[in-house]
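Worksheet: the structure to be examined is printed underneath.
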Amino acid sequence: MIELKEKSTNAHLVIIRSSKGSVEYDNEEFISLTLSTGAAVKGITYVDARKFIRSSLIGKGKMKEIKDEVDLNCSDLIVFNYSLSASQERNLEQYFKIRVIDRTRLILDIFAQRARTNTGKLQVELAQLTHLSTRLIRGWTHLERQKGGIGLRGPGETQLETDRRLIQNRIKSIKSKLKKISTQRQTTRKSRNKVMKNVALVGYTNAGKTTLFNTLCGENALAEDKLFATLDPLFRPVEFT
Ligand SMILES: Nc1nc2c(ncn2[C@@H]2O[C@H](COP(=O)(O)OP(=O)(O)OP(=O)(O)O)[C@@H](O)[C@H]2O)c(=O)[nH]1
Ligand SMILES: [Mg+2]
């Protein structure tokens, strides 16, 4: 997986603007998502969504503009505030010669940093491997500098097959572990339901769920002004008098 935790990561952001001039996703949130990985934002390029190019999403002119800025700022990562197909990601990396990730990958990497429990870690790993398996295709060997991937460093055809098989095996093993955990949780929930009512706190990230949880239950779980601060589920009994 890409190690966004590295201190040296200098990110360049590409924000796709819809035809009406608004951004596709919340711009500020995207910047704080990137910053929350520990990366520094060195530059931002806005691209109008009027004419998407199938092979690279954005046009040649914009690519040149981004390349110049990336070189100037010595950025080593480009993050798109948009979903990129596997081939678009590959073509963009071939052009820019640095790592290119999309919004999904960014969020998955943040989840990987935040997951604390064994179950949480397994769920994140499953999501990452599923995402990676769509990217493990022939010709995906253009980045010499690719770090920490599962055998992504210049695999030949045989290596590629081995990687695919290893990933599929790992996915299978995680799924079976998660299934067991889910059965266990179901049993626990059933016995809990017999003695008390269940209440769930639902809300968007950073909405204040953990703060409310802490207040209601007298707990001290991590609540801070940060996106996806707590990922793992917490249960506590509360008595209302
Ligand atoms: N102004 C104000 N801030 C609040 C309130 N409740 C929580 N906050 C702040 O909002 C921020 C996020 O709170 P959390 O409780 O961590 O939010 P969360 O929904 O658990 O977020 P994630 O776990 O990151 O998804 C913290 O800085 C809180 O201090 C509130 O009622 N008013
Ligand atoms: Mg929380």
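Residue numbers for the sequence shown follow our numbering, beginning at 14 and rising by one. Think of the CB as a built atom: it goes at the ideal place given N, C-alpha and C, for glycine as much as any other residue. Nothing here was measured: the structure is a model prediction, and the numbers come from that model.
Cβ distance (whole Å) where residue i is taken to contact residue j below 8 Å
i, j, result
"A234", "L214", "The pair is not a contact, with the Cβ atoms about 11 Å apart (cut-off 8 Å)."
"R30", "D81", "Wrong, their Cβ atoms sit about 20 Å apart, outside the cutoff."
Selection from the options that minimises the alpha carbon distance to residue i
i, options, result
"R118", "N131, S100, F93, S49", "F93"
"A242", "K222, E174, Q107", "K222"
"V251", "E237, V83, N227, Y59", "N227"
"L46", "M76, R127, D84", "R127"
"I220", "A236, L179, R67, V208", "The identity of residue 220 in the sequence shown is Ala, whereas the question assumes Ile. For A220, the nearest C-alpha among the options comes from A236."
"K110", "D84, R116, Y95, K134", "D84"
"Q101", "T147, T50, R178", "T147"
Neighbour-count burial assignment, residue i, 16 or more Cβ in a 10 Å radius
i, result
"N182", "exposed"
"S88", "buried"
"P168", "In this predicted model, P168 has a pLDDT of only 43, less than 50, meaning its place in the structure is not dependable; the value taken from the coordinates is given anyway. With 16 or more other Cβ atoms within 10 Å, it is buried."
"L26", "buried"
"S195", "exposed"
"K160", "Residue confidence is low: K160 scores 46 on pLDDT, short of 50, so the model does not pin down where it sits. Its coordinate-derived value is still stated next. Exposed, because fewer than 16 other Cβ atoms sit within 10 Å of the Cβ of K160."
"V113", "buried"
"Q107", "exposed"
"M209", "exposed"
"D238", "exposed"
"F43", "buried"
"L149", "buried"
Residue i, DSSP secondary structure in three states
i, result
"N219", "coil"
"F93", "strand"
"D55", "In the sequence as displayed, the identity of residue 55 is Lys instead of Asp. Note: K55 maps to strand in three-state DSSP."
"A213", "coil"
"N131", "helix"
"A62", "coil"
"V208", "helix"
"G169", "With a pLDDT of 49 at G169, under the threshold of 50, the predicted position of this residue should be treated as unreliable, and no value is reported."
"R249", "coil"
"N182", "helix"
Would you list, in sequence order, the uninterrupted alpha helix (DSSP H) runs of no fewer than 4 residues that lie entirely inside the segment 69–128? 73–86, 99–109, 116–127
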